[in-house]
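Numbering (my numbering), first residue to last: 266 to 590.
For each residue, glycine too, the CB sits at the ideal point set by N, CA and C.
Some notes on the structure that comes next.
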């Protein structure tokens, strides 16, 4: 049983008004964090979050943008842990606004790294995505660059106490902009649109994603990229779970979209180890030693792909998960 890493700690979450941020704040307060700082750029969402959470002397709200390094320096003062969840995440928006995606997802990552080191933050976990493994769209490419920056930041911080790790996982059930609320919003029309009938995706609940991040705060040494073992689902099974009475309209794959997602490539597998419920992609640095992680080496040629996964959700499983959200 892992110990509670948030006990009496001051923790800040960038992008803290998003679906992940709100669930993380809820859990952090339950786990007796000393202070929880919500850092985001949308004052309306912060106002709504304040009403939702009510008065709690441990909760703080900072207006700011990860593009603004000076604001990060002020926000990180006295903070023990940083969870970096702020990002431009919408695939089509990133394709159409590439420079904006770079400013937030790459330049913003660098700002978080430098502010964390200079302010003496103990640990930083950056949230990644399956789209960062063998990326085909700009969103995935910027998150791959971000992942590389955070892993390399452990060398950059040499001699300082700050440690950096990354957590990568797939689609989150019910998060803003995900396919579940989209299907639910158009179910009344009698038609559900899918881009390709063969499509598969990794699937994780919001609560599982948050708990995985908290667990890795406790176990990280700095430099790891953590990947949970989670099930895959077929897009047609999801459509059946939400709108069994609906017709399916195939509209074609959108720009930057994959048929199947991947979280560990064959090349990354050469330095990946396996545990019961997760994988760790170890950094390829001279200072990293195998003693830091004790998992089993994955077999030659291994890749973690949503189409070849050994864990799958059925229509009944999907309905049960969606009803619990």
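Residues near residue i in its chain [Cβ-Cβ closer than 8 angstroms; skip 5 each side]
| i | result |
| --- | --- |
| residue 376 | 331, 332, 333, 334 and 337 |
| residue 512 | 455, 456 and 457 |
| residue 421 | 378 and 382 |
| residue 471 | 284, 285, 288, 437, 438, 439, 440 and 590 |
| residue 317 | 287 |
Three-state secondary structure (DSSP) of residue i
| i | result |
| --- | --- |
| residue 453 | helix |
| residue 341 | coil |
| residue 495 | coil |
| residue 430 | strand |
| residue 393 | strand |
| residue 549 | coil |
| residue 523 | coil |
| residue 300 | strand |
| residue 404 | helix |
| residue 289 | helix |
| residue 558 | coil |
| residue 484 | helix |
| residue 320 | coil |
| residue 314 | helix |
| residue 470 | coil |
| residue 388 | strand |
| residue 420 | helix |
| residue 331 | coil |
| residue 514 | strand |
| residue 372 | helix |
| residue 543 | strand |
| residue 294 | helix |
| residue 377 | helix |
| residue 490 | strand |
| residue 275 | strand |
| residue 325 | strand |
| residue 567 | coil |
| residue 305 | strand |
| residue 438 | coil |
Whole-angstrom distance between residue j and residue i, CA atom to CA atom
| i | j | result |
| --- | --- | --- |
| residue 575 | residue 498 | 11 angstroms |
| residue 411 | residue 582 | 33 angstroms |
| residue 366 | residue 457 | 29 angstroms |
| residue 605 | residue 304 | The structure shown does not extend to residue 605, since the chain spans only 266 to 590, so no value can be given for it. |
| residue 392 | residue 515 | 31 angstroms |
| residue 268 | residue 388 | 16 angstroms |
| residue 397 | residue 408 | 5 angstroms |
| residue 315 | residue 321 | 9 angstroms |
| residue 584 | residue 571 | 20 angstroms |
| residue 424 | residue 554 | 17 angstroms |
| residue 343 | residue 384 | 7 angstroms |
| residue 485 | residue 308 | 33 angstroms |
| residue 477 | residue 452 | 32 angstroms |
| residue 573 | residue 586 | 22 angstroms |
| residue 287 | residue 481 | 19 angstroms |
| residue 539 | residue 560 | 5 angstroms |
| residue 324 | residue 290 | 9 angstroms |
| residue 374 | residue 433 | 15 angstroms |
| residue 350 | residue 580 | 30 angstroms |
| residue 265 | residue 328 | Because residue 265 is not part of the residues shown, which for the chain are 266 to 590, the question remains open. |
| residue 447 | residue 312 | 25 angstroms |
| residue 550 | residue 319 | 45 angstroms |
7 angstroms Cβ shell around residue i - same chain, five flanking residues per side excluded
| i | result |
| --- | --- |
| residue 534 | 563, 567 and 568 |
| residue 642 | This structure cannot settle anything about residue 642, because the visible part of the chain is limited to 266 through 590. |
| residue 463 | 524 |
| residue 341 | 277, 347, 380, 381, 384 and 386 |
| residue 370 | 352, 353, 407, 408 and 411 |
Cβ separation of residue i and residue j, assumed to be a contact under 8 angstroms, to the nearest whole Å
| i | j | result |
| --- | --- | --- |
| residue 437 | residue 292 | Contact flag wrong, Cβ pair sits at about 15 angstroms. |
| residue 507 | residue 461 | Contact flag wrong, Cβ pair sits at about 17 angstroms. |
| residue 270 | residue 479 | 7 angstroms |
Close Cβ partners of residue i (< 6 angstroms) along its chain, the five nearest in sequence each way excluded
| i | result |
| --- | --- |
| residue 427 | 381, 382 and 386 |
| residue 356 | 402, 404 and 521 |
| residue 500 | 459 and 464 |
| residue 415 | 391, 429 and 431 |
| residue 496 | 468, 576, 577 and 578 |
| residue 503 | 583 |
| residue 548 | 416 and 488 |
| residue 419 | 429, 487 and 488 |
| residue 345 | 274, 275 and 387 |
(request) Spell out a yes or no on whether the region 271-285 and the region 293-311 are touching, meaning 3 or more CB-CB pairs, one atom from each, closer than 8 angstroms. (result) Judged by Cβ distances under 8 angstroms, the region 271-285 makes contact with the region 293-311, as three or more pairs qualify.
(message) Does the region 465-478 come into contact with the region 508-527, if we say contact requires no fewer than three beta-carbon pairs (one atom in each stretch) closer than 8 angstroms?
(response) Counting C-beta pairs with one atom in each stretch, the region 465-478 and the region 508-527 have three or more that are closer than 8 angstroms, which means they touch.
(request) Check whether the region 529-548 touches the region 478-492, taking contact to mean three or more Cβ pairs, one atom from each stretch, closer than 8 angstroms. (result) yes
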